[in-house]
Every structure is written in structure tokens, then in C-alpha cells.
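If you're matching positions, the sequence shown starts at 9 in the working numbering and goes up one per residue. By construction, the Cβ of each residue, glycine as well, lies at the ideal position given by its N, Cα and C atoms. To keep things clear, I will list the structure first and then write my remarks on it.
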Amino acid sequence: MDNLRLFLGIELSEEASRSLAERAARIRTALTFRSWTHPADYHATLHFLGDTPADRLDAIAEATGSAAAEAAPIALALTGPGTFGPADAPRVLWCGLAEPAAPGALAALHA
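Written as C-alpha cells, this is what we have:
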């Protein structure tokens, strides 16, 4: 059976993607990534599913669609950056998120 490496993510606004792209440009010379994610692919990871059987995709899409339809809009603020991986060879650049208006909204959506 084929497995897919999946995560659930939230698309960012154009404003947030633009802000992240500007931040990435400022620190680009300090980090040694072989490639950089295009700003159109920036997202907020809500949950990492990992290796998932392909035959579960329809059920996951249905469950996440229902959860998203019931969720209220969430206002997020970008916080500081960080990396995953060894300091001398990081694999992922990330930026933190804060929920100034409704703390816990992301956790509720995750649940």
C-alpha cells in the first residue's frame, strides 16, 4: 500500500507571506539552506500526520473540511524565527505564531 507524507496546514494571507519573505531575505546570508521555500508555499503547520496510507486521504479530507467549516476565523501574529536541525546545517526555517485576539483557537482547531 502506498503511503503519503502528510501534514495539515493553514494558508497564510498575502500580507503574512510578504512579511515572511522580507524576514527570510534579511537572514538569507546567515543560513546555509540549499533551497528556499517560495513565499506562495508558506503555511502554518497545524498537525503533522507523517506517513499515512493513501486510502485514508478521503476520510482525512472530509474530517478536515468539516472542522475548517465550523472554525471561526483566527487572527495570528508572526513572532520570532527559529530553525530545526543542527545549528551548523539547519533543515527548516520557521517563524512562531501568537494568537493575540483569541488564545487557544489554534489548539481548538487542532483538536
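Alpha carbon to alpha carbon, how far is residue i from residue j?
i           : j           : result
residue 132 : residue 11  : Shown here, the chain extends from 9 to 119; a query on residue 132 therefore has no answer.
residue 14  : residue 38  : 30 Å
residue 36  : residue 95  : 15 Å
residue 66  : residue 113 : 25 Å
residue 116 : residue 81  : 12 Å
residue 23  : residue 110 : 20 Å
Which of the three DSSP states is assigned to residue i in this structure?
i           : result
residue 46  : coil
residue 106 : strand
Using the DSSP secondary-structure output, state which residues sit across from residue i in a beta bridge.
i          : result
residue 61 : 11
Verify whether the separation of the beta carbon atoms of residue i and residue j is less than 7 Å.
i          : j          : result
residue 51 : residue 16 : no
residue 99 : residue 90 : no
residue 25 : residue 61 : no
Does the contact criterion of 3 or more C-beta pairs under 8 Å hold for the stretch 19 to 35 versus the stretch 62 to 78? At 8 Å Cβ cutoff, the stretches do not touch.
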